[in-house]
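So the sequence shown is numbered by the numbering used here: it starts at 10 and just counts up by one. Glycine included, each C-beta is placed from N, C-alpha and C at the ideal position.
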Amino acid sequence: MSRLCALAALVIIGCGSSASTYEPVEPTQTSPAEARTPKLEAGPTEGKVASAEPDREVARPDLDEVLDDGPGAFLGRLEVRPYFDGKKFAGWELVAFKDPASRLATAGLEPGDVVKRINSYRLERPEHLQKLWYELRSAHTIVIEAIRAGEPFELHFAVATRSQPAAPATPQNTPAAAPSGV
């Protein structure tokens, strides 16, 4: 079950577009927006990483599809292992993507990266995953806090809602019908 927690950390990037490269950021104070975000802490946490505007996008229908499939369907897409700082659990290390050409593999994380939190949730226990999975149903942004080569960084995803359908045809924008029987 702990493997499910690790994979939730990467479910988000499976839906995202690959846009820019990561940029290391320095730890900063928690912003008011982060303070309002529901948190599930599993022990003391280090300083927060600086927030930034989303530089990637996840389409709501794509995210919903992944969430509908459940974490079990996600298990076969990658390999992760727990990462420890000394004897303390520090996150989930991405070992490999099963399909290197998938959207998951091109969305910003790389083998060797350690995922620490998603939307401020530390994924140490199955109930952490359950609460995150539920929150993702209505999330407008997704933030993955991770470490690469010892440097903290964040991946920011905006959750794009469905586009509005085209306006229905009205007499003003519909071509005139040919008279019948002509």
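The continuous beta strand (DSSP E) containing residue 100 extends over residues 97-106. Your pair residue 152 and residue 128 checks out as a contact, with CB atoms roughly 6 Å apart and the cut at 8 Å. Contact between the region 141-148 and the region 97-116 is absent: fewer than 3 CB-CB pairs across the two stretches fall below 8 Å. Residue 137 sits in a helix when the DSSP states are folded into three classes. Excluding the 5 residues flanking it on each side, residue 119 has same chain C-beta neighbours closer than 8 Å at 103, 157, in chain order. Between residue 85 and residue 125 a beta carbon distance of about 24 Å is seen, past the 8 Å cut, so the two are scored as non-contacting.
Under the three-state reduction of DSSP output, residue 116 falls in the coil class, being neither helix nor strand. In terms of Cβ geometry, residue 168 and residue 69 form a close pair [threshold 7 Å]. Boundaries of the beta strand (DSSP E) harbouring residue 169: 160-169, taken from the DSSP string. A Cβ-Cβ separation of about 7 Å places residue 166 in contact with residue 150 under the 8 Å criterion. For residue 136, the number of other beta carbons within 10 angstroms of its own is below 16, and it is reported as exposed. Taking C-beta separations shorter than 8 Å and ignoring five residues to either side along the sequence, the partners of residue 170 in its chain run 69, following chain order.
Here residue 87 really is in contact with residue 113; their C-beta atoms are around 7 Å apart, less than 8 Å. Counting C-beta atoms within 10 angstroms of its own C-beta, residue 160 has fewer than 16 neighbours from the protein chains shown and is therefore classed as exposed. If you draw a straight line from the Cα of residue 98 to the Cα of residue 91, it is about 7 Å long.
Just measuring C-alpha positions, the residue of 73, 117, 79, 74 sitting nearest residue 139 is 79. DSSP places residue 132 outside both helix and strand once states are collapsed to three, so it counts as coil.
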